[in-house]
Amino acid sequence: MSYISVFDVLGPNMIGPSSSHTAGAAVIAFLAHKMIVPPLKKVDFILYGSFAKTYHGHGTDRALLGGMMGFGTDDVRIRDSFQIAAERGLAYRFTPCADVTDVHPNTVDIRMENAAGQVMTIRGESLGGGKVRITRINGVSVDFTGAYSTIIVVQQDKPGVVAHITKVLSDRGVNIAFMRLFREEKGHTAYTIVEFDGRIPEGIAGPLRDNPNVHDVMIVEP
Amino acid sequence: MDFKSAKELLALCRREQCPISEIMRRRECVLGETTRDVADHRMARALEIMRASATQPLKNPVKSMGGLIGGEAKKLSHHAAKGKAICGDILARAITYAVAVLEVNASMGLIVAAPTAGSSGVVPGVLLAMQDCYKISDSRLVDALFNAGAVGYLAMRNATVSGAVGGCQAEMGVAAAMAASAAVELMGGAPEQCLDAASTVLMNMLGLVCDPVGGLVEYPCQNRNAAGAANALVAAEMALSGIRQLIPFDEMLDTMYAVGRRIPLDLRETALGGCAAAPSACERCAQCG
Numbered sequence: 409m410s411y412i413s414v415f416d417v418l419g420p421n422m423i424g425p426s427s428s429h430t431a432g433a434a435v436i437a438f439l440a441h442k443m444i445v446p447p448l449k450k451v452d453f454i455l456y457g458s459f460a461k462t463y464h465g466h467g468t469d470r471a472l473l474g475g476m477m478g479f480g481t482d483d484v485r486i487r488d489s490f491q492i493a494a495e496r497g498l499a500y501r502f503t504p505c506a507d508v509t510d511v512h513p514n515t516v517d518i519r520m521e522n523a524a525g526q527v528m529t530i531r532g533e534s535l536g537g538g539k540v541r542i543t544r545i546n547g548v549s550v551d552f553t554g555a556y557s558t559i560i561v562v563q564q565d566k567p568g569v570v571a572h573i574t575k576v577l578s579d580r581g582v583n584i585a586f587m588r589l590f591r592e593e594k595g596h597t598a599y600t601i602v603e604f605d606g607r608i609p610e611g612i613a614g615p616l617r618d619n620p621n622v623h624d625v626m627i628v629e630p
Numbered sequence: 007m008d009f010k011s012a013k014e015l016l017a018l019c020r021r022e023q024c025p026i027s028e029i030m031r032r033r034e035c036v037l038g039e040t041t042r043d044v045a046d047h048r049m050a051r052a053l054e055i056m057r058a059s060a061t062q063p064l065k066n067p068v069k070s071m072g073g074l075i076g077g078e079a080k081k082l083s084h085h086a087a088k089g090k091a092i093c094g095d096i097l098a099r100a101i102t103y104a105v106a107v108l109e110v111n112a113s114m115g116l117i118v119a120a121p122t123a124g125s126s127g128v129v130p131g132v133l134l135a136m137q138d139c140y141k142i143s144d145s146r147l148v149d150a151l152f153n154a155g156a157v158g159y160l161a162m163r164n165a166t167v168s169g170a171v172g173g174c175q176a177e178m179g180v181a182a183a184m185a186a187s188a189a190v191e192l193m194g195g196a197p198e199q200c201l202d203a204a205s206t207v208l209m210n211m212l213g214l215v216c217d218p219v220g221g222l223v224e225y226p227c228q229n230r231n232a233a234g235a236a237n238a239l240v241a242a243e244m245a246l247s248g249i250r251q252l253i254p255f256d257e258m259l260d261t262m263y264a265v266g267r268r269i270p271l272d273l274r275e276t277a278l279g280g281c282a283a284a285p286s287a288c289e290r291c292a293q294c295g
């Protein structure tokens, strides 16, 4: 997405009322839901800045919950997402946190829990025009947009893991656009985020997991 | 096939002997690595959403999430149907469609941001009104949308379309500039005339602040979509009559951006000033959603 497309100008096709507060919120939650194994059981949203102040009138809450259930920005089901979540047995809660000011104005923390009891927290920022950025995974600072096909590898911060990842990718002819490593501290959990053009080859997660220091692999397609 | 300014766009139009819409379509095919059919199909889908959002509230009005608007399109439509419209057919239709789209947007319906959600009524308002009045085919409206896209792209690239950055002049101003340029091409105007019309709109909406009541995309946003549609038609008419503009579109974009950055923060989408700070607005907001 290195150029401004005519469909960035006439688009996104979206459920209103706001590209940053509604469409962007849906995109952040949509990315989040791709990062945890379904089915989801419970989700908490902590809203900051302008999200905290105007989330109800902008439908930010419905959009977040809709994105969490896999609805795109143009999915009319977003309007009814409270009811649909209830039908699906997905528990949810919104906590506005207006007094925190050292964050981007449209920030949300999403804490997800699936049926297997796995818990994951991500932070997303809505940048306007439906564009977003994921800035934290489980408390570790990261940075990716979801505009590209993205592979997230959760790993032990040990030598050789990155070489393993690039070998698996190059064996399948994947051309990397960006690749970055994020870690909380030396030797602990690290995240390798790989973004590239085109679709992610089928069945790539298996070989990526085939390394003792790889804990998990998440695949996020735009 | 890329261009970075209106000047470069006009040079391409001259070199290739084609309208702005065609240059923008070719640019999309090259940079987006896609085909004409795919790009046209996607634009036709945008047009379909625009039409649905511009017409549904005429029959089925909906209340907005914040409760500040709802039902305006139906009122305008009834008023015109009784033969009482003082704006004439095309403007009456354009403002009706424009406010309708905002009504859909504010009630969590499906719209096409053009270039933003808050200004999404202007482009469909003008284009669909022209289709009604001049029997224009859908495929020509798709062309017109590519033309509008070229103008909006230049604004996104060289200035801003965000109310938080540049005020309403950046959102509604650019939306109306897009609509004006597209309208000129639809009526057979030359590329220079299209961009003169876009330039005129930015001039006429220069300095407009973004002051949404309650911070919601409802009021005065809906009114200003109607005003944007009117501004677009005025500018298009002037350009089509052969009136040239002293200040070219590139310079008007720079001007709009420079003015936008000097608009105080209170008047840039923060809901702290302007209409948002009027006593009646504050009183009402105590009850907003």
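One line per chain: the protein sequences are A and B, in this order. Heads up: the first sequence begins at 409 in the working numbering, then just goes up one per residue. Heads up: the second sequence begins at 7 in the working numbering, then just goes up one per residue. C-beta: ideal position from N, C-alpha, C; glycine also. These numbers come from a predicted model, not from an experiment.
- For the pair Arg-591 (chain A) and Leu-472 (chain A), the Cα-to-Cα distance works out to about 27 angstroms.
- Residue nearest to Phe-552 (chain A) within the set A:Ile-601, A:Asp-488 and A:Leu-535 is A:Ile-601 (criterion: CA-CA distance).
- Proximity to His-47 (chain B) across B:Arg-146, B:Glu-198, B:Glu-191 and B:Ala-287 peaks at B:Arg-146, based on C-alpha coordinates.
- For Asn-111 (chain B), at least one C-beta of chain A is nearer than 8 angstroms to its own C-beta.
- For Ala-493 (chain A), there is no enclosing beta strand (DSSP E); the enclosing alpha helix (DSSP H) has its first and last residue at 489 to 496.
- For Glu-22 (chain B), the enclosing alpha helix (DSSP H) stretches over residues 12 to 22.
- Residue-level contact by beta carbon fails for Lys-539 (chain A) and chain B, as no gap is shorter than 8 angstroms.
- In the three-state reduction of the DSSP assignment, Gln-228 (chain B) falls in the helix class.
- Look at Arg-470 (chain A): its C-beta is under 8 angstroms from a C-beta on chain B.
- Under the three-state reduction of DSSP output, Asn-164 (chain B) falls in the helix class.
- One alpha carbon belongs to Val-622 (chain A), the other to Gly-614 (chain A), and they sit about 11 angstroms apart.
- If you look at Gln-564 (chain A), you'll find it isn't in any alpha helix (DSSP H); it sits in the beta strand (DSSP E) that goes 557 to 564.
- Among the residues of chain A, those whose CB is under 9 angstroms from the CB of Leu-151 (chain B) are Val-414 and Leu-418, following chain order.
- Fewer than three pairs of CB atoms, one per stretch, sit closer than 8 angstroms, so the segment 534 to 551 of chain A makes no contact with the segment 518 to 526 of chain A.
- Shown here for Cys-216 (chain B): same chain residues with a beta carbon closer than 6 angstroms to its own, the five before and five after excluded, namely Gly-169, Gly-173, Cys-174, Arg-274 and Glu-275 in chain order.
- In the same chain as Lys-442 (chain A), and ignoring 5 residues on each side of it, the C-beta atoms closer than 6 angstroms to its own belong to Val-628, in chain order.
- Annotation: Phe-255 (chain B) is outside any beta strand (DSSP E); the continuous alpha helix (DSSP H) that includes it extends over 255 to 268.
- For Ser-168 (chain B), the closest Cβ of chain A is nearer than 8 angstroms.
- With contacts defined as CB atoms closer than 8 angstroms, Ser-126 (chain B) and Ile-117 (chain B) qualify as a contacting pair.
- About 4 angstroms separates the beta carbon of Gly-72 (chain B) from that of Gly-465 (chain A), a gap short enough to meet the 8 angstroms contact definition.
- Contact annotation: in the segment 495 to 511 of chain A, no residue has its CB less than 9 angstroms from a CB in chain B.
- Nearest C-alpha to Ile-559 (chain A) among A:Asp-565, A:Val-540, A:Lys-566 and A:Ala-585: A:Ala-585.
- If you draw a straight line from the Cα of Arg-99 (chain B) to the Cα of Val-561 (chain A), it is about 54 angstroms long.
- In chain order, Ile-412 make up the part of chain A whose C-beta sits under 9 angstroms from the C-beta of Arg-163 (chain B).
- Here Val-157 (chain B) is buried. Its C-beta has 16 or more other C-beta atoms within 10 Å.
- Looking at A:Val-508, A:Gly-457 and A:Ala-431, the one whose alpha-carbon comes closest to that of Met-476 (chain A) is A:Ala-431.
- Against chain B, the CB of Ile-423 (chain A) has a partner CB under 8 angstroms away; the residue lies at that interface.
- In the DSSP assignment, Ala-598 (chain A) falls within the beta strand (DSSP E) that extends over 597 to 604.
- Of A:Thr-509, A:Asp-618 and A:Arg-470, the smallest CA-CA separation from Ala-493 (chain A) is found for A:Arg-470.
- Residue-level contact check: Leu-134 (chain B) does not touch chain A, since none of the beta carbons of chain A fall below 8 angstroms from its beta carbon.
- If you draw a 10 Å sphere on the C-beta of Thr-166 (chain B), you find 16 or more other C-beta atoms in it, and that means buried.
- Contact between Met-211 (chain B) and Met-178 (chain B) holds, with the beta-carbon distance rounding to 6 angstroms and staying under 8 angstroms.
- Counting only Cβ-Cβ distances below 7 angstroms, Glu-34 (chain B) has contacts in chain A at Ser-413 and Val-414, in chain order.
- Using beta-carbon distances, Gly-475 (chain A) does not count as an interface residue toward chain B, since no partner is under 8 angstroms.
- Here the alpha carbon of Tyr-500 (chain A) sits roughly 9 angstroms from the alpha carbon of Lys-449 (chain A).
- When beta bridges are read from the DSSP output, Cys-505 (chain A) appears opposite A:Tyr-456.
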